[in-house]
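Q: In terms of the working numbering, the sequence shown is residues 240 to 378.
Structure incoming, see below.
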Amino acid sequence: MGNKLKYTLDTIHVVSDHIKDLINNYTIFLFNGDMGSGKTTLIKQIVKDIGISENVKSPTFSLVNEYIENDLIIFHFDLYRINKENELDSIGFYEYLNSGKLCFIEWPDIAIQNIYKDYVLIKISITSDSEREIEILKS
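What follows is the structure in structure tokens.
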């Protein structure tokens, strides 16, 4: 069992800080949760807290967004529309994972069995209209 934290939009920065503390040891972060649970919202907060000023949007249609500031590069994936594992190869997914850059991945289920590097799995649950709970698990 991992670390569990409850949060609201007013306290999301506390969760972001917990995740930021793991960045020195991990580059791959998987975000799992139901539709509307706040995966993109949490990623947006983490990216902001890391110091990237770009506007973070869900890469639902582009599949991957890239955020760059100075020497920091973050790849943000949304695998919701990926139906077959070989589609991951066509977007160079595993090359991104092996780049050593930060990778934030929403809807990771189709890829998780083929991620051979250490990663952090962040499970987000809706506890009320305004509150979420995350569980942080390390591979």
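Beta carbons: idealized from backbone N, C-alpha and C, even for Gly.
So what does DSSP say about residue 287, is it helix, strand or coil?
A: helix
Q: Would you kindly work out how many angstroms separate the C-alpha atoms of residue 266 and residue 291, rounded to a whole number?
A: 16 Å
Q: To the nearest angstrom, how far is it from the Cα of residue 377 to the Cα of residue 306?
A: 24 Å
Q: Check the C-beta distance from residue 374 over to residue 241 and give it rounded, since I have them as a contact under 8 Å.
A: 5 Å
Q: Is it true that the region 313-323 meets the region 358-366, where meeting means three or more beta-carbon pairs spaced less than 8 Å apart?
A: no
Q: When we look at the beta-carbon of residue 278 and count the other beta-carbons within 10 Å, is it buried (16 or more) or exposed?
A: buried
Q: In angstroms with no decimal places, state the Cα-to-Cα distance between residue 272 and residue 351.
A: 14 Å
Q: In terms of residue numbering, what span does the beta strand (DSSP E) encompassing residue 323 cover?
A: Looking at the DSSP string, residue 323 is not in any beta strand (DSSP E), and its letter there is neither H nor E.
Q: Taking 8 Å as the cut-off, does the region 326-342 touch the region 249-258 (at least 3 CB pairs, one atom from each stretch)?
A: no
Q: Count the other C-beta atoms from every protein chain shown that fall within 10 angstroms of the C-beta of residue 283, then say buried if there are 16 or more, exposed otherwise.
A: buried
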